[in-house]
Amino acid sequence: TAAKAAQVTDSIRVEEKGSQIEDLPRPLPAVGKAAEEALVRNGYRVRVTVKTDQKAVFVTERKISTPTSVETAGSRNQYIVSLQALPSNVTRLSVKAEFERVAQGGRVLAVDAEEIAEIERRLIAEIGKAVASPSKL
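If you count by this note's numbering, then the sequence shown holds residues 3 to 139, one letter each, in order.
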């Protein structure tokens, strides 16, 4: 029912503190599709997906990677991507990364907040490029 859908939408909350946020002038379904495709293209398996007509959340599996274009070599990363429909077919995109560097032998090295923010901005740029090209969606 519509009441249940509204209740589910209201109960989806993702902490945006520390996230990179951008409002994209595209409807939620288009941004959601672009976000899923960008994650898959960069080797991330989406472990959790929650979608309603007003919000969507994707949580990826943590991976150590040799990077394609989003992360840096020798990193271990996980993303939480949150989307919220705004008026006038605008979607608020929030990206939060749990990002670490991994040295030889598996030792985890600290990274600073700016480095994490840069990784988050790179994913936002990938998603933004995908939705800017309507022929790809």
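The C-beta atom is built at its ideal place from N, Cα and C for all residues, glycine as well.
Quick caveat: nothing in here was measured; it's all calculated off a predicted structure.
Where DSSP assigns a beta bridge to residue i, which residues make up the other side?
i	result
residue 96	23 and 84
residue 57	86
residue 48	62
residue 111	103
Kindly list the residues whose CB is nearer than 6 angstroms to the CB of residue i, restricted to its own chain and excluding five residues on each side of it in sequence; keep chain order.
i	result
residue 47	63
residue 82	61 and 98
residue 23	96
residue 53	none
residue 27	92
Could you tell me whether the Cβ atoms of residue i and residue j are closer together than 9 angstroms?
i	j	result
residue 50	residue 59	yes
residue 36	residue 133	yes
residue 33	residue 85	yes
residue 78	residue 103	yes
residue 40	residue 116	no
Using 8 angstroms for Cβ pairs, my map puts residue i next to residue j. What's the rounded Cβ distance?
i	j	result
residue 21	residue 122	7 angstroms
Please work out which residues of its chain come closer than 7 angstroms, Cβ to Cβ, to residue i, disregarding the five sequence neighbours upstream and downstream, and give them in chain order.
i	result
residue 126	22, 24, 95 and 97
residue 90	none
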